[in-house]
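*Asks:* At the far end of the sequence shown sits residue 258, using my numbering, and the numbering has no gaps. Once you've had a glance at the structure underneath, I'll fire off some questions.
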Amino acid sequence: MFKHFPVLVLKTFFLIPGFLFLLNSSQAQKLVLMDYNHGNKVVNDDLITIDTTDLNALELNAHLRIQNNTDKPLALFMKKIINQMVDSTSNYFCLYPKCWPDADSTDVADSIPAGLSDSSFVTHYDHFFRYERPVPPGLTSITYFFYDHTTFPEPVEARVTVNYRISGVGIGEQPTKKISVYPIPANKETFISIDRPITGIAVIDMDGREIRDVQWTKKSDKIILQLDSFTNGIYLARLFDHELLVQTVKLIVCH
């Protein structure tokens, strides 16, 4: 079976002006879900579609900001509901304080103070290593349901559905330039070819710890990542364009 390597979950609280969450002229919703990657668009009971025409895509991600609009702290739990799923793919999610690679629901509360928001929720949708790429085209649909146990009998809850669509190249489209990582395994350095601007890299080991002081340079469309200080093993490298997560790639280090 495919082995997931959970990533480090960081928690940051934000104070967002209340007017962003007013619905018509009524009071704000108690729990608000926002699409972090698209300007904090409110997505309660809505649909997020993450679409790629790259059949070699390594991972697709949704990133939510969760706003507590009540006057009390919330102890938030989450459950995922798989509506449909493409063969040869797998998924998991992270919500403070950890990731859940083999579960459909959380068993540890994410505490959000009154009036604040938390941006630690990230979904991961990827490909089974035991199958060769490219991934078969298709649609995976997952609903993420957030709720609080402490507010009974008045429920505080919200949900959003995320569609992960791998469509292949359609009429009139150009194939995206696929990302490549080489050599595998790597010794002193590894090369990552990508056709998008990258401003930051976070590397996570198999225990979910972030590697500090990662040394890397960018030349043309190629990233050179220094591995001298890495121990042998498997790592996840998360590539960012400022705050936007562009891609996650897996590294194998063998000195």
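Note that beta-carbon positions come from the ideal geometry of N, C-alpha and C, so glycine has one too.
1) Here's the rule I'm using: 16 or more other beta-carbon atoms within 10 Å means buried, otherwise exposed. How should ASN235 be labelled?
2) I'd like the list of long-range same chain contacts for ASP48, defined as Cβ closer than 8 Å, with 5 residues on each side in sequence excluded.
3) How big is the Cα-Cα spacing for THR193 and THR73?
4) Going by DSSP, what residues sit across from ALA78 in a beta bridge?
5) Terminal residues of the continuous beta strand (DSSP E) containing VAL46?
6) Would you call the CB atoms of GLN87 and SER120 closer than 8 Å?
7) Where does TYR238 land, buried or exposed, given buried means 16+ other C-beta within 10 angstroms?
8) Going by DSSP in three states, ASN235 sits in which element: helix, strand or coil?
9) Between the alpha carbons of VAL46 and ASP231, how many angstroms are there, rounded?
10) What are the partner residues of ILE227, as DSSP defines its beta bridges?
11) Would you report the Cα separation of THR220 and GLN229, rounded to the nearest angstrom?
12) From which residue to which residue does the beta strand (DSSP E) around ASP151 run?
13) Buried or exposed: where does GLN218 fall if 16 or more other Cβ atoms within 10 Å of its Cβ makes it buried?
14) Report the CB separation of ARG199 from THR52 in whole angstroms; it is logged as a contact under 8 Å.
15) Excluding the 5 residues flanking PRO156 on each side, which residues of the same chain have their C-beta closer than 8 Å to its C-beta?
16) Quick check on this structure: which residue in PRO116, SER170, ASP129, PRO186 has the alpha carbon closest to the alpha carbon of GLN250?
17) On the three-state DSSP scale, how would you describe ASN40?
18) In its own chain, which residues sit with a C-beta less than 7 Å from the C-beta of TYR39, not counting the 5 before and 5 after it?
19) When the Cα of LYS33 is compared with those of ASP224, PRO186, THR154, LEU242, which residue comes out closest?
20) By alpha-carbon positions, which one of LEU242, ASP90, LEU50, PRO104 ends up nearest to GLY211?
21) Would you kindly report the start and end of the unbroken beta strand (DSSP E) that includes LYS33?
22) Quick one: what does DSSP say HIS245 is sitting in, helix, strand or coil?
23) Using the Cβ count rule (16 or more neighbours within 10 Å means buried), how would you classify CYS257?
24) Can you grab the Cα-Cα spacing for the pair LEU242 / ASN166, in whole Å?
*Replies:* Once the coordinates are examined:
1) As a working note, residue 235 is residue 232 in the sequence shown. Within a 10 Å sphere around the beta-carbon of ASN235 sit fewer than 16 other beta-carbons, which makes this residue exposed.
2) Indexing the sequence shown from 1 puts residue 48 at position 45. If the five residues before and after ASP48 are omitted, its C-beta is found closer than 8 Å to the C-beta atoms of ALA161, ARG162, VAL163, all from its own chain and listed in chain order.
3) Against the sequence shown, residue 193 aligns to sequence position 190. Against the sequence shown, residue 73 aligns to sequence position 70. So the alpha carbons of these two residues sit roughly 48 Å apart.
4) Numbered from 1 along the sequence shown, position 75 holds the residue referred to as residue 78. ALA78 has SER114 as its beta-bridge partners, per DSSP.
5) Here residue 46 corresponds to residue number 43 of the sequence shown, with the count starting at 1. For VAL46, there is no enclosing beta strand (DSSP E), since its DSSP letter is neither H nor E.
6) By 1-based counting over the sequence shown, the position of residue 87 is 84. By 1-based counting over the sequence shown, the position of residue 120 is 117. Going by C-beta atoms, GLN87 is not nearer than 8 Å to SER120.
7) In the sequence shown, residue 238 corresponds to position 235, counting from 1. Burial state of TYR238 is buried, judged by a 10 Å Cβ sphere holding 16 or more other Cβ atoms.
8) Numbered from its first residue, the sequence shown carries residue 235 at position 232. Coil at ASN235, not helix or strand.
9) As a position in the sequence shown, residue 46 is number 43, starting the count at 1. As a position in the sequence shown, residue 231 is number 228, starting the count at 1. Roughly 43 Å between the two C-alpha positions.
10) Looking up residue 227 in the sequence shown gives position 224. According to DSSP, ILE227 bridges with PHE194, THR220.
11) Mapped onto the sequence shown, residue 220 falls at position 217. Mapped onto the sequence shown, residue 229 falls at position 226. Their Cα atoms are separated by approximately 9 Å.
12) Locating residue 151 in the sequence shown gives position 148, where the first residue counts as 1. Per DSSP, ASP151 belongs to the beta strand (DSSP E) from 141-151.
13) Taking the sequence shown and counting its residues from 1, one reaches residue 218 at position 215. It is exposed - the Cβ of GLN218 has fewer than 16 other Cβ atoms within 10 Å.
14) Position 196 of the sequence shown, counted from the first residue, corresponds to residue 199. Position 49 of the sequence shown, counted from the first residue, corresponds to residue 52. Not quite, the Cβ-Cβ distance comes to about 20 Å (not below 8 Å), so this is no contact.
15) Taking the first residue of the sequence shown as position 1, residue 156 is located at position 153. Taken in chain order, the list of residues that qualify is empty.
16) Working through the sequence shown from its first residue, we reach residue 250 at position 247. When only C-alpha atoms are compared, the closest one is ASP129.
17) Walking along the sequence shown from the start, residue 40 turns up at place 37. Correct three-state label for ASN40: helix.
18) Here residue 39 refers to the residue found at position 36 when the sequence shown is read from its first residue. So the qualifying residues of the chain are HIS66, LEU67, ARG68, SER122.
19) The residue given as residue 33 occupies position 30 in the sequence shown. Closest option to LYS33, Cα to Cα, is THR154.
20) Taking the sequence shown and counting its residues from 1, the one referred to as residue 211 is at position 208. Checking every option, the nearest Cα to that of GLY211 belongs to PRO104.
21) By 1-based counting over the sequence shown, the position of residue 33 is 30. Run containing LYS33: none; DSSP gives neither H nor E here.
22) Along the sequence shown, one-based indexing puts residue 245 at 242. Three-state DSSP puts HIS245 in coil, outside helix and strand.
23) Position 254 of the sequence shown holds residue 257. By the Cβ neighbour-count rule, CYS257 is exposed, with fewer than 16 other Cβ atoms within 10 Å of its own.
24) Reading the sequence shown from its first residue, position 239 is the one you call residue 242. Reading the sequence shown from its first residue, position 163 is the one you call residue 166. Straight across, the Cα-Cα distance linking LEU242 with ASN166 is about 22 Å.
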